[in-house]
Amino acid sequence: MSIDNVKITPEMIADHGISDGEYKILLEIMGREPTFCELSIFSVMWSEHCSYKSSRFWLKQLPTEGKQVIQGPGENAGVVDIGDGQAIVFKIESHNHPSFIEPYQGAATGVGGIMRDIFTMGARPIANLNALRFGDPSHPKTKHLLSGVVAGIGDYGNCMGVPTVGGETNFDKAYNGNILVNAMTVGLAKTDKIFYSKASGIGNPVVYVGSKTGRDGIHGATMASAEFDDNSDEKRPTVQVGDPFAEKLLLEACLELMAGDSIISIQDMGAAGLTSSSVEMADKGAVGIELWLDKVPMREEGMQPFELMLSESQERMLMVLKPGREAEAKAIFDKWQLDFAVIGTVTDTRHLTLKWHGDVVGNIPVLPLVEASPMYEREWQKTPKENKLDNDATTAPESIMADLVKLMGSADLSSRRWIWEQYDHLIMGETIIEPGGDAALIRIPDSKKGLAMSVDCTPRYVVADPKTGGMQAVAECWRNITATGAKPLALTNNMNFANPERPIIMGQFVGSIKGMSKAAIALDFPVVSGNVSLYNETKGEGILPTPVIGGIGIIDDISKAVTIPFKKSGEEILIIGETTGWMGRSIYMRDILGLELGAPPPVDLEEEKKNGEFIRDAIDKGLISASHDIADGGILVALAEMSISSNIGASIMLHRDQVEPHAYLFGEDQGRYIITTDDSDALLGLAAITHVHIAKFGKTGGDGLHISGGETISLAAIRETYEGWMPDFMAYN
Amino acid sequence: MKSAVILFPGTNRENDAIKAIEQASGKRPEIIWHGDNDLPDVDLIVIPGGFSYGDYLRCGSMAAKSPIMRAVITRANNGVAILGICNGFQILTESGLLPGALMRNSSLKFICKRTNLLVENADTSFTNQYKLNEIINVAVAHHDGNYFADDETLNRLEGEGQVVFRYSDIDGNVNDETCLNGSQRNIAGIINDKGNVMGMMPHPENAINNLYGGSDGCGLFNSIMEAI
Amino acid sequence: MKAKVNITLKNGVLDPQGKAIEHALLSLGFTGIDNVRQGKVIEIELDEDNAEKAQADIKNMCEKLLANTVIENYDIELLG
Amino acid sequence: MKAKVNITLKNGVLDPQGKAIEHALLSLGFTGIDNVRQGKVIEIELDEDNAEKAQADIKNMCEKLLANTVIENYDIELLG
Ligand SMILES: Nc1ncnc2c1ncn2[C@@H]1O[C@H](COP(=O)(O)OP(=O)(O)O)[C@@H](O)[C@H]1O
Ligand SMILES: [Mg+2]
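Keeping their order, the protein sequence lines are chains A, B, C and D.
Plus 1192 on top of the position in the first sequence (first one is 1) and you've got this note's numbering.
Plus 115 on top of the position in the second sequence (first one is 1) and you've got this note's numbering.
Plus 986 on top of the position in the third sequence (first one is 1) and you've got this note's numbering.
Plus 986 on top of the position in the fourth sequence (first one is 1) and you've got this note's numbering.
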């Protein structure tokens, strides 16, 4: 007997994560009891992962418009115009829970998934980035997770031939039981060749392409939204295995087919596989779709309809073709040795109709399925504001340089070379700024244009003040892009939070959204796509609120782009932006003094914008030879990074009358850059006109960092700890 | 000069190679599909980098058995210049056109970084624009570049000047520390005894631009133009 | 004592390598082959004469390092 | 008929994977281990009942594709 003839029991309903209230709505929609297959479909469509039930209300507040925006949120990825008939298609996506359970495959399939979101829109992926958060380095799982995640990201992207050019990695005990793996892909398309998921044309064939369907990750989408418990190790067989080779073939085959005109719409099969892709296509097109599930290419024997609908087997796509174009399309997929099957048709019923050897096993009205999907305006509570920390509360260090060495060799600030050397960051031959700088920069092929990209978030600020933290993440991303000379265009975001049913967590989410919105509007940096990952919580221990921002920007002439290494000795070093010595929530406070106190540094969006525009203008005029934004660890860490990367030291002067030296050097005031020039008069002049804070800070040269009238430290000593931490930590793993 | 670049399923550095050849020769190479049985009449055949057939089983093993490789072997025997880069080098060893094998890096990790190479033979069709013992800087990007051959083969390669590139430091020191992947005797690139088939793990095609990535790879492509 | 550990993918777990090998064999003209799967063997020499103890040690190694028990099964053979 | 092909590195061929596993085991605190080697197992289902014929087929597959005889040995087990 097929499971679809079985009577639905309350246990089944509960097992599917459907609440009593939700089941009532389901019955109203169906007007009868659902089949097992139908119940499964409701379950995944109404899961947090697919329905955004906790977040949707708030996401709607994000600013999504701008004249550069071709497509905002709501499609597989955002699309931004970069002129010359070209568009950038990009999005970030989380694969947090799967990566915790099986770091290699979890991360790999995360990368595979986000790449499909990009090429399903007709764009060739040209860069990958990733934002990673792990638990405390001393936690027994951290090494294993880090090594698996990095290998998984690397192997998938490397095989696809897409350079992985940037990212960020933090460690904090709050992620011990819930790591974060957020992957971003950036693709290039023609503005008149963007593909969407909206199905149309009654009677048109619905076509399945890619790898075969197995029982991979059944109920993965619901798992991804369920809080972990101690049994999560048991859920193992639902792990999906990635096949980057199949995806590379799928990429080439799809792009080859897209070069013609036979596709009406196309949609990757991501979370909730065939269910969400077919529902999305039908919903967007206000049509029905009938699927003949027995026609789906299967990898395993005895598969049932509900399994085919829920399977999260990777490397698959669903398309609607123009009538009569099947053979032409099939020839391309045959050539690339991929499965191709006509598995259904577009109907005028606005129902998702599922057939199994001719029998109807499911028949759901699409509109109510989508529209009645729950949306909760969850209760939320504001994080209490903290006062600005009085700098007198921080004792001055005995040796600034000893503290610098400690910070440069710390888990959060040390070099990530161990990670990015496992990523092919050079393939395609267009990488201009490699990992290790601020934003990554790649050339748009066959042009003078460069594309800058960065991912950023500072969770220790967000937890102290979600709104400021949300603003800061946007501002820092914008600043990183700006520091290369590029103009930031648009952003994608990945909202990683703990359990939203706790008001304080929901408050973090709401605050972050408000801060992000404010900054995105002020900086003309609209949101074009994103992803939400909630319930990152194990046994009541939640992660730090982590709204990751991924941004892109354009520089018209790559020969003008500026990088962080000093270029020669004897150049003037200047600080742009005001330094007040803000110590609250700084890395220095946390890692040197062991204190996580005070309000995080405020973000003054007017200043941010003014300073950024100044930097871009000065770079365009050729006045800046090296530039670096000032972030974690403050001025001295930024300076040390510039020195190490160039092997040119620096001598600096302190203005003792203004701020205590350690606060001046390690404080984390926002909106600042450190730059070098051989024409400081011109820069000072420009700053005066635009009312930008600018301060002479020192000169490049020597083989160490030297504070005039004070300490000196050799670059060799800094480099040793800076380059040494991660390889030492990961040794023999 | 006419050239061809072979495309296998999973090849992914073909455009990098095409750009480099085009820049050196002014002519775009023809792209040849792995399933073809014939090659056009060309002076140079390039097998580019990537993950042919996913690098499953052994890197290059399945590509080496594809129809087009039979044609490549025939051309090789007729003296046509053949360059295998990275996965291309692996395919050349798997198909027997070059001796030895490329095994997993000793770190077991994929490794992408710039490295110095010592040019040990500047008298080949692929390196005549370099000077003997010149140090060039190019990137590697591979998981399986750990060159292995038995001692007899290694001695023969060295004796006959068939070792073309070795991993070194900026001063040309060749030792364990400068051997980034565990290759025997730091071997990064070799040539066959007839001098027409070369394989190398590093990517000269990603170093052809003064603005980024350096231009030390140009010498290799210019050498081929010179020789042909 | 020498031990041999066979590591195979669990049933139902996608085996991209096996799939690719199957394809390659078919295109080389071999016929009648199906369900190609690839696994690993790890051989270890042990300084341990007690079979029971050796078995327990190896099992421990499998759980801690050799096998990825999320997606792989292993079995241990002692070769005396 | 099912066949199992064991592919191992020849003696004298360096085995980076085996070496790394050995290192890792040692650093995990395991002692008394030596000479760790990693090989491959390939399982194939064959549409062939004649054992001799199957053996010959598989041998052919090994020579043509499955093993790189420059560095690897193989042995074939038929599982009936
Ligand atoms: N935090 C967010 N901000 C803006 N848009 C978002 C956010 N989270 C999700 N979205 C949008 O919602 C849609 C669905 O996202 P997702 O479920 O991740 O897509 P997919 O199923 O294609 O991977 C996408 O258009 C995405 O850009
Ligand atoms: Mg999608």
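Ideal placement from N, C-alpha and C gives every residue a C-beta, glycine not left out.
Alpha-carbon spacing of residue i relative to residue j, whole angstroms
i: residue 325 of chain B; j: residue 1622 of chain A; result: 12 Å
i: residue 1443 of chain A; j: residue 1525 of chain A; result: 11 Å
i: residue 155 of chain B; j: residue 1437 of chain A; result: 28 Å
i: residue 1783 of chain A; j: residue 1347 of chain A; result: 33 Å
i: residue 1018 of chain D; j: residue 1339 of chain A; result: 26 Å
i: residue 269 of chain B; j: residue 999 of chain D; result: 13 Å
i: residue 1279 of chain A; j: residue 1744 of chain A; result: 12 Å
i: residue 1753 of chain A; j: residue 1634 of chain A; result: 11 Å
i: residue 1416 of chain A; j: residue 1801 of chain A; result: Confidence is the limiting factor: at residue 1416 of chain A the pLDDT is only 42, short of 50, which leaves the residue's position unreliable, though a coordinate-based value still follows. Their Cα atoms are separated by approximately 38 Å.
i: residue 1414 of chain A; j: residue 1288 of chain A; result: Residue placement at residue 1414 of chain A is poorly supported in this model, since its pLDDT is 44, which falls under 50; the coordinates are not used for a value here.
i: residue 1064 of chain D; j: residue 1329 of chain A; result: 48 Å
i: residue 1257 of chain A; j: residue 1263 of chain A; result: 9 Å
i: residue 1208 of chain A; j: residue 1699 of chain A; result: 28 Å
i: residue 1568 of chain A; j: residue 1492 of chain A; result: 38 Å
i: residue 1009 of chain D; j: residue 148 of chain B; result: 43 Å
i: residue 1281 of chain A; j: residue 1311 of chain A; result: 9 Å
i: residue 1868 of chain A; j: residue 1874 of chain A; result: 12 Å
i: residue 1880 of chain A; j: residue 1772 of chain A; result: 20 Å
i: residue 305 of chain B; j: residue 1462 of chain A; result: 44 Å
i: residue 286 of chain B; j: residue 334 of chain B; result: 19 Å
i: residue 1049 of chain C; j: residue 1296 of chain A; result: 17 Å
i: residue 997 of chain C; j: residue 1495 of chain A; result: 14 Å
i: residue 1637 of chain A; j: residue 1904 of chain A; result: 44 Å
Top-ranked residue by Cα proximity to residue i, from the options
i: residue 1649 of chain A; options: A/1408, A/1708, A/1806 and A/1638; result: A/1708
i: residue 1465 of chain A; options: A/1665, A/1242 and A/1616; result: A/1242
i: residue 1871 of chain A; options: A/1679, A/1730, A/1888 and A/1863; result: A/1888
i: residue 315 of chain B; options: B/253, B/238 and B/342; result: B/253
i: residue 1787 of chain A; options: A/1794, A/1212 and A/1776; result: A/1776
i: residue 1561 of chain A; options: A/1401, A/1922, A/1218 and A/1727; result: A/1218
i: residue 1642 of chain A; options: A/1612, A/1676 and A/1725; result: A/1676
i: residue 987 of chain D; options: D/1049, D/1029 and D/1047; result: D/1029
i: residue 1806 of chain A; options: A/1884, A/1860 and A/1763; result: A/1884
i: residue 1694 of chain A; options: A/1808, A/1570, A/1653 and A/1772; result: A/1570
i: residue 1543 of chain A; options: A/1644, A/1479 and A/1686; result: A/1479
i: residue 1732 of chain A; options: A/1697, A/1706 and A/1723; result: A/1697
i: residue 1212 of chain A; options: A/1566, A/1878 and A/1384; result: A/1566
Exposure label - residue i; buried when at least 16 CB within 10 Å
i: residue 1702 of chain A; result: buried
i: residue 1193 of chain A; result: Confidence is the limiting factor: at residue 1193 of chain A the pLDDT is only 42, short of 50, which leaves the residue's position unreliable and the question unanswerable from this model.
i: residue 185 of chain B; result: exposed
i: residue 1042 of chain C; result: exposed
i: residue 1198 of chain A; result: exposed
For residue j and residue i, believed in contact at Cβ under 8 Å, the rounded distance
i: residue 1376 of chain A; j: residue 1306 of chain A; result: 7 Å
i: residue 1469 of chain A; j: residue 1460 of chain A; result: 7 Å
i: residue 1711 of chain A; j: residue 1673 of chain A; result: That belief does not hold up - the Cβ atoms of residue 1711 of chain A and residue 1673 of chain A are roughly 13 Å apart, past 8 Å.
i: residue 1910 of chain A; j: residue 1490 of chain A; result: Incorrect: roughly 57 Å between the Cβ atoms, too far for contact.
i: residue 1720 of chain A; j: residue 1261 of chain A; result: 6 Å
Residue-level contact to chain G via CB, residue i, 8 Å cutoff
i: residue 1871 of chain A; result: Of the protein chains in the structure, A, B, C and D, none is chain G.
Q) Between the stretch 1580-1592 of chain A and the stretch 189-199 of chain B, do three or more beta carbon pairs fall short of 8 Å? A) no
(Q) Taking 8 Å as the cut-off, does the stretch 1363-1379 of chain A touch the stretch 1731-1746 of chain A (at least 3 CB pairs, one atom from each stretch)? (A) yes
Q.
Does the contact criterion of 3 or more C-beta pairs under 8 Å hold for the stretch 1034-1042 of chain D versus the stretch 1044-1064 of chain C?
A. no
Q | Contact between the stretch 1264-1275 of chain A and the stretch 1377-1388 of chain A (3+ Cβ pairs under 8 Å) | A | yes
Q. Three or more C-beta pairs closer than 8 Å, one from the stretch 1496-1514 of chain A and one from the stretch 1400-1410 of chain A: is that the case here?
A. yes
Q) Can you find at least 3 beta carbon pairs, one from the stretch 307-322 of chain B and one from the stretch 1022-1030 of chain C, that sit closer than 8 Å? A) no
Q. Is the number of C-beta pairs between the stretch 156-166 of chain B and the stretch 120-127 of chain B that are closer than 8 Å three or more?
A. yes
Q. Can we say the stretch 238-252 of chain B touches the stretch 301-315 of chain B, given the rule of at least three CB pairs closer than 8 Å?
A. yes
Q. Are the stretch 1440-1456 of chain A and the stretch 1507-1516 of chain A touching by the rule of at least three beta carbon pairs closer than 8 Å?
A. yes
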